[in-house]
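Structure, as structure tokens:
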Amino acid sequence: MSRDPLSLMTVTEDVASGSRLIRDIAEDCLDLISLGESRIGAFSHLSPADIRREADRLDGAPKGPLSGLTVAVKDVIATKDMPTGFANARYEGVRMGWDAPCVDVLRQAGALILGKTVTTEFAATARGGKTRNPRDPARSPGGSSSGSAAAVAAGFCSVAIGTQTGGSTIRPASYCGVWGWKPSWHAISREGLKQFSVTLDTVGFYARHAEDLEALAKVYRLDPAPPVSSLSGLRIGLCRTPVWDRVDAPMREALDEAAKRLRLEGAEVISFELPRSFDTLPATHGKILAREGSTSFLNEAMAQGEALHEQFRTMVATRGGLTAAELRRAYTEADTARAVFDEIMDGFDAVIAPSATGEPPLGQAHTGDAIMNSFWTLLHVPVVSVPGLQSPAGLPLGISFIGQRYTDRRLLNIARLATEVFQADLAFS
Numbered sequence: 025m026s027r028d029p030l031s032l033m034t035v036t037e038d039v040a041s042g043s044r045l046i047r048d049i050a051e052d053c054l055d056l057i058s059l060g061e062s063r064i065g066a067f068s069h070l071s072p073a074d075i076r077r078e079a080d081r082l083d084g085a086p087k088g089p090l091s092g093l094t095v096a097v098k099d100v101i102a103t104k105d106m107p108t109g110f111a112n113a114r115y116e117g118v119r120m121g122w123d124a125p126c127v128d129v130l131r132q133a134g135a136l137i138l139g140k141t142v143t144t145e146f147a148a149t150a151r152g153g154k155t156r157n158p159r160d161p162a163r164s165p166g167g168s169s170s171g172s173a174a175a176v177a178a179g180f181c182s183v184a185i186g187t188q189t190g191g192s193t194i195r196p197a198s199y200c201g202v203w204g205w206k207p208s209w210h211a212i213s214r215e216g217l218k219q220f221s222v223t224l225d226t227v228g229f230y231a232r233h234a235e236d237l238e239a240l241a242k243v244y245r246l247d248p249a250p251p252v253s254s255l256s257g258l259r260i261g262l263c264r265t266p267v268w269d270r271v272d273a274p275m276r277e278a279l280d281e282a283a284k285r286l287r288l289e290g291a292e293v294i295s296f297e298l299p300r301s302f303d304t305l306p307a308t309h310g311k312i313l314a315r316e317g318s319t320s321f322l323n324e325a326m327a328q329g330e331a332l333h334e335q336f337r338t339m340v341a342t343r344g345g346l347t348a349a350e351l352r353r354a355y356t357e358a359d360t361a362r363a364v365f366d367e368i369m370d371g372f373d374a375v376i377a378p379s380a381t382g383e384p385p386l387g388q389a390h391t392g393d394a395i396m397n398s399f400w401t402l403l404h405v406p407v408v409s410v411p412g413l414q415s416p417a418g419l420p421l422g423i424s425f426i427g428q429r430y431t432d433r434r435l436l437n438i439a440r441l442a443t444e445v446f447q448a449d450l451a452f453s
């Protein structure tokens with residue numbers, strides 16, 4: 025790995041050696057933000073004075089495993105010293121006064137929290153906001169974790185926290201050409217997030233390097249795994265998914281190229297089809313999401329009335345359009361599919377699939393199609409989007425590595441090995 029001044033390895037070594045203070049790292053980030061934020065629009069809240077004050081405090085405090093790491097936080101996650109606005113007028117300027125556990129863990133490990141990043145309203149819509157894609161500002165950065173993905177891609181911070189209920193972490197990672205990790209469901213505490221779906225919401229992360237995600241997994245004390253030193257001999261499933269007809273030609277070609285490169289490294293790549301019962305999982309995901317969302321946004325509909333977007337009011341009024349029997353059936357389908365996929369994964373070290381349907385779409389009005397992600401979210405499995413491959417137009421195309429539930433650290437290890445063959449020419453400035 026080249027010496028990236030924002031990588032965890034670099035900043036911790038520099039801070040430990042005394043060659044850079046955390047204040048120096050903060051100033052470097054602020055310089056980049058001052059140059060690029062007006063073009064990218066990644067942040068919903070950023071206070072340079074507060075950042076400098078906190079950096080000085082950290083410089084005088086005992087060092088932790090993440091000392092020097094700069095972090096941006098999606099603005100649906102509670103932070104004690106910054107507003108948490110949910111991109112909704114009712115919460116503009118509201119300060120929770122406490123940190124969500126996913127933020128608190130990073131603070132306790134020495135990380136510097138820079139600011140809050142742009143999200144769609146309540147992280148629950150596909151309506152785009154002000155954030156632009158650093159790889160091509162004419163295109164969408166994805167969503168709902170728009171600002172988090174863009175902040176990492178633009179070099180404003182080392183890592184960023186997002187969330188995923190459908191495809192809100194993995195799709196922006198693909199569009200912005202960075203690493204994205206959606207952990208196994210509830211492997212990391214979801215307390216302190218604005219809830220959309222109690223059985224789907226998941227904390228997610230963006231990084232410039234796989235090693236940084238592996239370090240986060242260790243800090244969050246995810247289940248350890250024996251290290252994998254080589255791709256040679258690994259069994260990798262190639263899954264074209266039940267919605268292959270929605271995948272554009274450049275992404276289809278990228279998946280085939282990924283398989284080719286893995287085979288050249290000695291991996292056994294095996295194409296397989298999911299059981300026919302999985303064909304309905306995208307619809308099942310939508311049913312559960314709508315019904316659980318109707319519960320989550322009831323108070324907002326009562327409090328905000330016509331001021332709340334029609335999407336939420338309709339969701340609440342129709343209760344997702346499901347009867348109790350239909351909801352029970354949807355939960356049963358999801359539970360059954362999870363058990364079946366656990367058995368499928370007994371035969372693979374990982375599975376690869378597209379991280380998005382294709383290139384980032386033009387414009388910011390819509391955050392893109394989440395269809396490639398929703399069933400993995402429903403299955404509660406870990407997903408890592410690996411950057412490096414590109415379309416003929418030079419736009420980023422992420423490849424998802426999927427693992428068995430609660431094997432996140434092994435999956436991250438495998439994905440890191442893959443990046444060495446995916447992105448030999450990819451470098452961050």
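Residue 25 is where the sequence shown starts when you use the working numbering, and the numbers rise one by one after that.
Glycine included, each C-beta is placed from N, C-alpha and C at the ideal position.
Inset, instruction - Give the straight-line distance between the Cα atoms of E324 and A389, rounded to the nearest whole angstrom. - result: Taking the sequence shown and counting its residues from 1, one reaches residue 324 at position 300. Taking the sequence shown and counting its residues from 1, one reaches residue 389 at position 365. Rounded to whole angstroms, E324 to A389 spans 24 Å at the Cα level.
Inset, instruction - Could you say which of D160, R285, G88 lies nearest to K242 if we only look at CA atoms? - result: Residue 242 sits at position 218 when you count from the first residue of the sequence shown. K242 has its Cα closest to that of G88, out of D160, R285, G88.
Inset, instruction - Alpha carbon to alpha carbon, how far is T347 from D176? Give it in angstroms, no decimals. - result: Along the sequence shown, one-based indexing puts residue 176 at 152. Along the sequence shown, one-based indexing puts residue 347 at 323. For clarity, residue 176 is Val in the given sequence; the question names Asp instead. Approximately 42 Å between the Cα atoms of the pair.
Inset, instruction - Compute the Euclidean distance between the alpha carbons of W122 and W268, then round it to the nearest angstrom. - result: Here residue 122 refers to the residue found at position 98 of the sequence shown. Here residue 268 refers to the residue found at position 244 of the sequence shown. Between the alpha carbons of W122 and W268 lies a gap of roughly 43 Å.
Legend entry - Reduced DSSP secondary structure (H/G/I, E/B, other) of Q428: Within the sequence shown, residue 428 is the residue found at index 404, counting from 1. In the three-state scheme derived from DSSP, where H, G and I count as helix and E and B as strand, Q428 is classed as coil.
Legend entry - Residues near S320 in its chain [Cβ-Cβ closer than 6 Å; skip 5 each side]: For the purposes of this step, residue 320 is taken as residue 296 along the sequence shown, with counting starting at 1. Cβ neighbours of S320 within its own chain (closer than 6 Å, five residues either side excluded): Q219, F220.
Inset, instruction - Taking I194 as part of the alpha helix (DSSP H), name the residues at either end of that continuous run. - result: Here the question's residue 194 lines up with position 170 in the sequence shown. Bounds of the alpha helix (DSSP H) holding I194 are 194-200.
Inset, instruction - Have a look at T36 and G65 and give me their C-alpha separation to the nearest angstrom. - result: Here residue 36 is taken as the residue at index 12 of the sequence shown, counted from 1. Here residue 65 is taken as the residue at index 41 of the sequence shown, counted from 1. Distance between the alpha carbons of T36 and G65: 28 Å.
Legend entry - D432 to A374 span [Cα, whole Å]: Within the sequence shown, the letter at position 408 stands for residue 432. Within the sequence shown, the letter at position 350 stands for residue 374. Rounded to whole angstroms, D432 to A374 spans 11 Å at the Cα level.
Legend entry - Which of helix, strand or coil DSSP assigns to V364: Residue mapping note: residue 364 aligns to position 340 of the sequence shown, counting from 1. V364 falls in the helix class under three-state DSSP.
Legend entry - Local Cβ density within 10 Å of L279, reported as buried at 16 or more and exposed below that: The sequence position of residue 279 within the sequence shown is 255, counting from 1. Here L279 is buried. Its C-beta has 16 or more other C-beta atoms within 10 Å.
Legend entry - Run of the beta strand (DSSP E) containing F229, from where it starts to where it stops: As a first step, residue 229 is located in the sequence shown; it is residue number 205 there, counting from the start. F229 -> beta strand (DSSP E) spans 226-231.
Inset, instruction - Along the beta strand (DSSP E) that carries H309, what are the first and last residues, could you check? - result: Translated into the one-based positions of the sequence shown, residue 309 becomes position 285. Segment 305-320 is the alpha helix (DSSP H) holding H309; no beta strand (DSSP E) there.
Legend entry - R47 versus A96 - alpha carbon distance: Indexing the sequence shown from 1 puts residue 47 at position 23. Indexing the sequence shown from 1 puts residue 96 at position 72. Distance between the alpha carbons of R47 and A96: 16 Å.
Inset, instruction - Please go through the segment 83-160 and give each complete beta strand (DSSP E) segment of 3 or more residues, from N-terminal end onward. - result: If we require 3 residues or more, the beta strand (DSSP E) runs fully inside the segment 83-160 come out as 94-98, 136-141.
Legend entry - Cα-Cα separation, I137 to T108: Numbered from its first residue, the sequence shown carries residue 137 at position 113. Numbered from its first residue, the sequence shown carries residue 108 at position 84. Computed Cα separation, rounded: 14 Å.
Legend entry - Opening and closing residue of the alpha helix (DSSP H) in which K13 lies: Given a span of 25 to 453 for the chain in the structure shown, any question on residue 13 remains unanswerable.
Inset, instruction - Under 8 Å by Cβ, that's how I've got E292 and N437 pegged, so tell me the actual separation to the nearest angstrom. - result: By 1-based counting over the sequence shown, the position of residue 292 is 268. By 1-based counting over the sequence shown, the position of residue 437 is 413. About 18 Å separates the two Cβ atoms, so there is no contact after all.
Legend entry - Beta-carbon spacing of K140, T189 below 8 Å: For this step, residue 140 is matched to residue 116 along the sequence shown. For this step, residue 189 is matched to residue 165 along the sequence shown. The answer is no: Cβ separation not under 8 Å.
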